[in-house]
Amino acid sequence: MMIHKLSLKPYQGIIHRQRYSTLQQVSAITNGVIGLVHLFYGIWILEEKLRKNQTASPLDLWLLELFQGLTWMLVGLTLSLKFKQIPRAWLRFFSILIFLVSGINFALSLFYVIVSMHLSFKVGVDVLSFPGAILLLLCTYKESKCSDTDREINESLYAPLNGDLNKDDSVSRVTLFAKAGFFSRISFWWLNSLMKSGKGKTLQDEDVPMLREEDRAESCYLLFLDILNNQKQKDPSSQPSVLKTMVLCHSREILISGFFALLKWYFRSRLIGLKVRSLLTAAVYKKQLRLSNSARLMHSSGDIMNYVTVDAYRIGEFPFWFHQTWTTSFQLCISLVILFRAVGLATIASLVVIVITVLCNTPVAKLQHKFQSKLMVAQDARLKATSEALVNMKVLKLYAWETSFKNSIEGLRNEELKWLSAVQLRKAYNAFLFWSSPVLVSAVTFGACYFLNVPLHANNVFTFVATLRLVQEPIRSIPDVIGVVIQAKVAFTRVLKFLEAPELQSESVGNRYSDGNRRGSNTIKSAEFSWEDSNVSKSTLRNINLEVSPGQKVAICGEVGSGKSSLLAAILREVPNTHGKVRFCSFF
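According to UniProt numbering, the sequence shown is numbered sequentially starting from 1.
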């Protein structure tokens with residue numbers, strides 16, 4: 001793929017990505033693991049009490065472990081990663097307090113082991129907590145000193161320009177989400193000011209805050225180019241993958257939204273989709289400025305409009321549905337385990353029904369992919385004809401061609417309607433198949449219980465019905481997921497084909513000279529030019545020799561159709577050079 005490369009250096013001016021040091025990462029991972037160990041230990045104690053005594057009382061030990069695990073994870077992550085909204089004094093106070101408590105607990109545990117000569121799991125957890133507290137203390141104090149030094153250096157070297165004074169307004173209008181803390185983000189507290197403004201009056205454009213810098217199209221596109229160029233430098237012999245580049249751009253956000261896939265994934269996945277849509281729109285815009293003539297024949301203005309308005313939108317919608325592709329499978333697997341514990345071998349019958357449902361859907365999904373591709377081609381043709389008719393409306397009215405163009409556009413609409421109907425019919429089939437599958441699963445499973453003599457009583461029947469009801473919604477969303485995946489795949493293939501289209505030649509451009517006496521000349525020696533760069537034998541201009549010195553005035557004369565405009569277009573590098581030597585200096 002060839003995309004205009006702005007800079008070989010990593011972009012650092014607009015994109016600000018928060019980096020954590022090795023000490024912070026080790027501290028966060030260590031204390032997170034310690035918190036998980038406390039949680040699992042508390043759950044294990046609770047399960048043992050329920051199994052042996054059929055009661056959860058006394059509550060002291062297991063409840064203390066659960067509370068200690070949650071507290072340790074929360075405080076450990078907060079102190080290690082140092083959220084900006086928490087004052088530094090409080091961070092230091094909590095780190096010292098945790099260090100003292102863990103130190104005392106560590107000393108008491110060692111004393112208990114020495115006296116009783118007995119080592120328990122609880123003692124081991126208490127001993128391991130002390131290194132975590134030491135890491136928290138080091139992380140709080142050492143990283144604070146480093147940040148103070150960096151701040152002093154930045155303040156001493158930075159001198160605001162006059163242009164920066166005009167940016168104060170725009171900076172103050174940036175959304176509060178840019179500096180929202182952990183609790184503000186999980187509760188959407190940062191939206192309160194906008195909600196209060198909307199309650200008192202109708203919101204205007206100036207009331208809506210601006211995007212964060214990392215959410216803007218320019219930042220997303222420059223980050224995309226930076227990672228794409230890094231991949232090109234690592235392996236110059238092969239074309240870098242656009243899909244891999246987009247995933248690398250938003251890998252951190254994808255992992256975080258996947259972690260909250262069953263909780264707070266809606267907002268984060270929509271945010272990722274907006275970023276992906278922004279960078280694709282910017283990439284398509286930059287690409288269409290550099291398309292070669294042969295590529296312009298394959299990608300009309302209507303096609304490019306579809307790439308931006310339809311294809312980029314569908315690819316941007318895919319992150320919202322991406323996590324449902326694996327959460328649905330995960331929920332089904334857990335449900336099958338629960339069903340197996342409830343009805344035993346009769347679960348195999350429900351598994352067979354699910355497998356048959358998936359197999360029946362496979363050929364339909366392939367047909368839907370094919371029809372979706374045909375639909376997009378028909379939509380491109382209809383949009384191209386519509387845009388041409390609107391642009392040349394005066395000519396149509398002058399020659400009374402309205403009826404002819406109307407019939408032509410209606411014919412294209414009918415063609416598009418044919419493929420749209422085919423796609424929607426396959427979607428209806430998928431919906432019927434998956435909406436009826438829970439009923440088939442329950443009927444087949446109860447029938448298998450009858451033939452396998454599996455006893456049915458209130459406990460297992462209630463568990464089976466409740467579990468089946470829980471997975472009905474994920475199963476019924478499968479047709480929508482399949483449709484979105486197919487649409488995103490078709491759209492991505494179309495956009496990728498456009499981004500890989502050939503570009504205008506730029507290797508014949510010379511350097512700009514600062515000294516007027518040393519500036520180079522525009523030189524063409526025995527050159528041939530062709531508007532169709534793929535067809536070398538069909539040259540538009542043959543055996544062209546020309547040399548224009550700096551400051552020289554040249555007039556191009558000739559009869560109609562002799563190639564005057566083509567020669568000027570060749571100098572502007574709009575006509576590909578197929579033979580000969582060409583050198584253009586960019587001083588004009």
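No residue lacks a Cβ here, since even glycine has one placed at the ideal position from N, Cα and C.
Rounded to the nearest angstrom, what separates residue i and residue j at their Cα positions?
i           : j    : result
V377        : F498 : 14 Å
V310        : K553 : 48 Å
H369        : E559 : 52 Å
Y112        : F106 : 10 Å
L572        : F584 : 9 Å
residue 634 : Y266 : Outside the shown range of the chain (1 to 588) lies residue 634, about which nothing can therefore be said.
P160        : D207 : In this prediction, P160 has a pLDDT of 46, which is less than 50 and means its spatial position is unreliable; nothing more can be read from the coordinates.
I34         : P438 : 41 Å
F130        : L279 : 46 Å
R51         : W44  : 10 Å
Q404        : A381 : Reading off the sequence shown, one finds Ser at residue 404, where the question assumed Gln. Between S404 and A381, the C-alpha separation is close to 16 Å.
L546        : V582 : 9 Å
residue 663 : A555 : Outside the displayed range of the chain (1 to 588) lies residue 663, so it cannot be described from this structure.
C449        : F259 : 37 Å
T30         : T327 : 28 Å
P550        : P576 : 23 Å
A180        : N459 : 47 Å
E574        : F529 : 10 Å
V509        : E500 : Its pLDDT being 46, under 50, V509 is placed unreliably in this model, and the coordinates cannot settle the point.
T578        : Q233 : 28 Å
V471        : L70  : 29 Å
V454        : S329 : 27 Å
I104        : I256 : 36 Å
R92         : S251 : 32 Å
C333        : E214 : 38 Å
M2          : L74  : Low confidence applies to M2: its pLDDT is 33, below 50, so where it sits in the model is not reliable enough to give any reading.
S156        : V101 : Low per-residue confidence applies at S156: pLDDT is 41, beneath 50, and the placement is therefore not dependable, though the value from the model is reported in the following sentence. Straight-line Cα distance between these residues: approximately 41 Å.
K473        : S27  : A small correction: the amino acid at residue 473 is Glu; Lys does not occupy that position in the sequence shown. The straight-line gap from Cα to Cα measures roughly 40 Å.
L289        : W531 : 17 Å
G32         : W72  : 7 Å
L367        : K374 : 11 Å
G132        : F99  : 9 Å
H457        : E317 : 45 Å
Pop quiz: residue i and residue j are said to be a contact at Cβ under 8 Å. What is the actual Cβ separation, rounded to whole angstroms?
i    : j    : result
I544 : A527 : 5 Å
A389 : L398 : Their Cβ separation, rounded to whole angstroms, is 13 Å, which puts A389 and L398 out of contact at 8 Å.
S521 : V548 : 6 Å
P479 : F451 : With a Cβ gap of about 31 Å, P479 and F451 do not count as contacting.
L203 : W190 : Actually they do not touch by this definition, with Cβ atoms about 16 Å apart.
L194 : P209 : 7 Å
C249 : L211 : With 8 Å as the limit, C249 and L211 do not qualify as a contact, their Cβ atoms being about 16 Å apart.
Y41  : V125 : 6 Å
T325 : V481 : 6 Å
L138 : L23  : 6 Å
Sort out for me which residues DSSP pairs residue i with in a bridge.
i    : result
H38  : Partner(s): none; H38 has no beta bridge.
N31  : In DSSP, N31 forms no bridge with anything.
R583 : T523
E503 : L291
I544 : A527
N577 : F529
At a threshold of 7 Å, does residue i count as lining the ligand COA (C-beta to nearest heavy atom)?
i    : result
F371 : Of the ligands one can find in the structure shown there are none, so the ligand COA has no counterpart to examine.
Does the Cβ-Cβ distance between residue i and residue j come in under 8 Å?
i           : j    : result
S350        : T445 : yes
L567        : L541 : yes
S109        : L136 : no
Y313        : R277 : yes
residue 620 : A283 : Residue 620 lies beyond the stretch modelled for the chain, which goes from 1 to 588, so this question has no answer here.
A385        : I409 : yes
I315        : F492 : yes
N430        : V364 : yes
L66         : L36  : no
V242        : L496 : yes
L339        : F462 : no
Using 8 Å as the Cβ pair cut-off and three pairs as the minimum, do the segment 351 to 361 and the segment 270 to 282 touch? Output reads no: the segment 270 to 282 does not touch the segment 351 to 361.
Pairs of beta-carbons, one from the segment 303 to 321 and one from the segment 403 to 415, closer than 8 Å: are there three or more? Judged by Cβ distances under 8 Å, the segment 303 to 321 makes no contact with the segment 403 to 415, as fewer than three pairs qualify.
Could you tell me whether the segment 236 to 251 touches the segment 190 to 205, using the rule of 3 or more Cβ pairs below 8 Å? Here the segment 236 to 251 makes no contact with the segment 190 to 205; the two share fewer than three CB pairs at distances below 8 Å.
With a cut-off of 8 Å, do at least 3 Cβ pairs link the segment 173 to 191 to the segment 219 to 230? When Cβ pairs closer than 8 Å are counted between the two stretches, the segment 173 to 191 is seen not to touch the segment 219 to 230, the count staying below three.
Three Cβ pairs or more, each shorter than 8 Å: is that satisfied between the segment 330 to 348 and the segment 418 to 426? The answer is no - the segment 418 to 426 does not touch the segment 330 to 348, with fewer than three Cβ pairs under 8 Å.
Quick check: the segment 311 to 321 against the segment 483 to 491, are there 3 or more CB pairs under 8 Å? With a cut-off of 8 Å, the segment 483 to 491 and the segment 311 to 321 count as touching, because enough Cβ pairs lie within range.
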